[in-house]
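Chains V and D supply the protein sequences, listed in that same order. At position 64 of the first sequence (counting the first as 1) the number is 64 in the working numbering, and the numbers step up by one without a gap. Here the working numbering runs 371 ahead of the position in the second sequence, where the first position is 1. Note that the Cβ used here is the ideal one computed from N, Cα and C, for glycine as well. Note that the structure is predicted; figures quoted are calculated from it, not measured. Below is one structure, written out as structure tokens; comments come after it.
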Amino acid sequence: MSAPATPDLEVRAAVKRFAEHTAVDALSFSVARGSFFSILGPSGCGKTTLLRMIAGFIQPDDGDILIGGNSMKGVGPNRRPVNMVFQQLALFPMMSVGENVAFGLARRGVARAERTRKADAMLERVGLAGAARKKVDELSGGQRQRVAIARSLVLEPTLLLLDEPLGALDLKLREHMKIELKQLQAAFGTTFVYITHDQSEALVLSDHVGVMNRGRFEQLGTPQQLYYEPATPFVAGFVGANNRIAGTALAVNGGRVTVRTADGWTLEARASSPVAGGAAVEAFVRPEVAMLARTAAELPAGQATHSGEVESLLFDGANSAVLLRESSTKFEFRIALPQTGQYADLKVGERIHFGFDPERATCFPAGDRHG
Amino acid sequence: MDDTAGPAWQRRLMVGLLLAPALLWLFALIVLPHVDLALLSFRERTAPREFVTSLAQYRTFFTEPLYWHIFVRTAVISAISTALTFLVAFPIAWTIAKLARGRAATLLFVVCLIPFWVSETVRTLGWMILLRESGVLPGILVHLGLADAPPELLYHDATILVGLVYTSLLFMVVPLVSSLESLDNSLIEAAYDLGASGPAILRRIVIPHALPGITAGCIVVFMLTLGNYLTPNLLGGTSSQWFTEQIYTQFITRFNWEQGAAFGFLLLGLSTTMVWFGLKLSGQRFSDVMRRT
Ligand SMILES: Nc1ncnc2c1ncn2[C@@H]1O[C@H](COP(=O)(O)OP(=O)(O)OP(=O)(O)O)[C@@H](O)[C@H]1O
Ligand SMILES: [Mg+2]
């Protein structure tokens, strides 16, 4: 990168309160030009509120929002260089597909011939060539999705906001549209700000993700950082599958914590944030980090070995896993089955050994929710 | 339901029985009198108790300028009144459908209903007391120094219009509210987001969506206004020149039932034509519109 360019979007300590409930709590972040930024969080954490503040439908109670370096204080949604793709798409049923796409251009006073040409060209780019005359309700869910995006992109906004745009689609189409969205964003180079509560959408699509909880960002980083180096127990639990083990820190040795559950199972994990000896902690071990072995000797030397009984087998193609109960404490533990088919013959009730690299397990002080 | 499993004739009998009271009512009170009136309007009295079939009643209407004048005047004032009612009702309907929440919306509806709590006669007479030369409102105007002498506020076209709009308001508000309520707020937001201003949103999104409701409201209000007797006659007095008054005069004062019946049919023709014209103008189908009312 050359000289630090002005970010397309900069949110500075934006606050939004509803009665005594703070929906967005002094949130700050910026989004670089041309990147795909996702906001990931559970239902009700304030994602839509944040997006509507960026679009201009609601005014922040405090803080400021800058788009392309300009403060958006007192600028209405129709005057912001920002367009939004609504969760329910909000295509205009009283207009044809072409008129929908040309709507924004018409409001800018673009001449009819030019409007039609641009709308047709845009429809072609999103793979809907020749659909301009159709009515909105003659299109499939995926096609409508593309019309909604085309309608915004034809205005060449600085920023495209998308509020769970795939939420209304069925699973198969969602997978398909996910890839299409990514390709569209790459092709147009427009900055996307994307809201979702689906961690897989956020991980697949984004350059950067902000994980939001109770109106704040728990962590802001690349999908890889969120997955491999979660900053808080919330992120560890929310992004990707994880075994969560609550206990106390029996011993702290440098960055290594020995965790002991209430039932007395002990394991080791890496401290992701400073942990005091004796403190309540939460450890997280990803299913694919743990390894299975029929005998303890097969596991790498120098790692603690554990054993358990197979509780159930969860077959899901490449995502198959086994659910174990740790032998002495009956603690439930999930381990991904290797792709080699090595444990395809595993039986329910069978006793098996397992272990994991403590460096790849994370440990946090319990209840570390950043306020 | 088990009776749907029965033979077809049984089901048809059932439907017939269910509709019988309404059909009887319709036939006895609407179809029969109209057939009778139609026959009456095509008669001419040549001598006492002697009649021949003729178009004389209709000919009188077209040759007598006074009748013509009143007919056109009634149509024009009704159209103006309908347009005014729409302009007054739209903001109210918008507030009820989109802005007010819960109790406030109910309250607004009740306000529109209030005119119907008092009988139309009593209400209109009340207005006369308020507006006549020695009434309350002219007195206030003099007191405030806005007029030198108490002005006569009754017997003006404007007064008739105010009264007509007031009486019709509810019939415009109800279909408008129901069509505006079905307008998804996100469509408005999307239009706003795509750069539309308030008037553009109204013109491109709100009006097209609400058109069936608007048409329904206008049809109902226009018909009610055209056929209104009490309000124009009491508020306008002799100068009201309302067509229903002519019909009344023919039937009751002049005892010329034939002429009155012909006038009645002309009024029916007028309202049918205007409704057809309104539907054509707004590109609506009658069945769609009627489902809105
Ligand atoms: N207009 C409003 N008035 C009062 N409270 C509101 C309003 N809008 C949102 N809230 C509250 O603010 C919080 C955040 O809402 P928001 O819609 O931003 O959540 P979200 O993260 O988009 O959730 P979801 O994933 O379910 O869409 C919620 O608790 C909600 O009840
Ligand atoms: Mg939301």
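Keeping to the same chain, check which residues put their C-beta closer than 8 Å to that of residue i; ignore five residues upstream and five downstream.
i	result
V:V348	V310, E311, S312 and L313
D:S642	F593, M594, L597 and G598
D:D373	Interpretation of D:D373 is limited by its pLDDT of 49, a score under 50 that renders its predicted location unreliable; the figure taken from the coordinates is listed afterwards. Nothing listed; no residue qualifies.
Is the beta carbon of residue i sitting closer than 9 Å to the one on residue j?
i	j	result
V:F192	V:L220	no
V:L203	V:Y227	yes
V:L155	D:L565	yes
V:L173	V:G141	yes
V:R244	V:P233	yes
D:M322	D:L597	For residue 322 of chain D there is no data in the structure shown, the boundaries of chain D being 372 and 664.
V:A279	V:A366	yes
V:L323	V:F333	yes
V:G210	V:F37	yes
D:A468	D:L478	no
V:G68	V:D8	yes
V:A262	V:G277	no
V:V289	V:R360	yes
V:K163	V:F86	The question names Lys, yet the displayed sequence has Asp at residue 163 of chain V. Contact: yes.
D:I576	D:A562	yes
V:R107	V:N78	yes
Short of 7 Å in beta carbon distance, which residues of its chain neighbour residue i, apart from the five on each side in sequence? Order them along the chain.
i	result
D:L455	L532 and V536
D:A633	S412, Q428, Y429 and F432
V:A296	T305 and H353
D:L524	L502, L508, P509 and T530
V:E201	L166 and K178
D:A476	I467
D:Q655	L582, P583 and T586
D:Q617	Y438, I441 and F634
Using the three-state DSSP reduction, which class does residue i fall into: helix, strand or coil?
i	result
V:T340	coil
D:Y600	coil
D:N627	coil
V:K134	coil
D:S549	helix
D:A460	helix
D:F442	helix
D:E504	coil
V:D25	strand
V:P365	strand
V:E288	coil
V:H176	helix
V:V85	strand
V:E282	strand
V:V275	coil
V:T190	coil
V:A102	helix
D:L437	helix
D:R656	coil
D:S490	coil
D:R472	coil
Between residue i and the rest of its own chain, which residues show a CB-CB distance below 6 Å, the 5 nearest in sequence each way excluded?
i	result
D:V386	none
V:S327	S307 and G308
V:S272	T362 and F364
V:S2	Any reading at V:S2 is ruled out, since the residue's pLDDT is 49, under 50, leaving its predicted position unreliable.
D:S653	L582 and T586
V:G240	Y227
V:V126	R146 and A150
On the DSSP bridge assignment, give the partners of residue i in chain order.
i	result
V:D64	V:R12
V:H306	V:F354
V:I195	V:I39 and V:D163
D:E560	Bridge partners of D:E560: none, in fact.
D:Q617	Paired residue(s): none; D:Q617 is not in a bridge.
V:Q219	V:V211
V:R244	V:F284
V:N422	Here chain V has residues from 1 to 371 only, and residue 422 of chain V is not among them.
D:R414	D:T424
V:E268	V:T258
D:E523	Answer is none; D:E523 lacks a bridge partner.
V:A231	Bridge partners of V:A231: none, in fact.
Looking at C-beta atoms only, is the number of pairs between the stretch 51 to 63 of chain V and the stretch 92 to 110 of chain V that lie closer than 8 Å three or more?
Taking a cut-off of 8 Å for Cβ pairs, the stretch 51 to 63 of chain V and the stretch 92 to 110 of chain V do not touch, as fewer than three such pairs fall below it.
Measuring CB atoms only, is the stretch 589 to 599 of chain D touching the stretch 115 to 122 of chain V, in the sense that at least three cross pairs come out at less than 8 Å?
no
Is the stretch 599 to 612 of chain D touching the stretch 399 to 415 of chain D in the sense that three or more CB pairs, one from each, lie closer than 8 Å?
no
Could you tell me whether the stretch 82 to 102 of chain V touches the stretch 124 to 138 of chain V, where touching means 3 or more Cβ pairs closer than 8 Å?
yes
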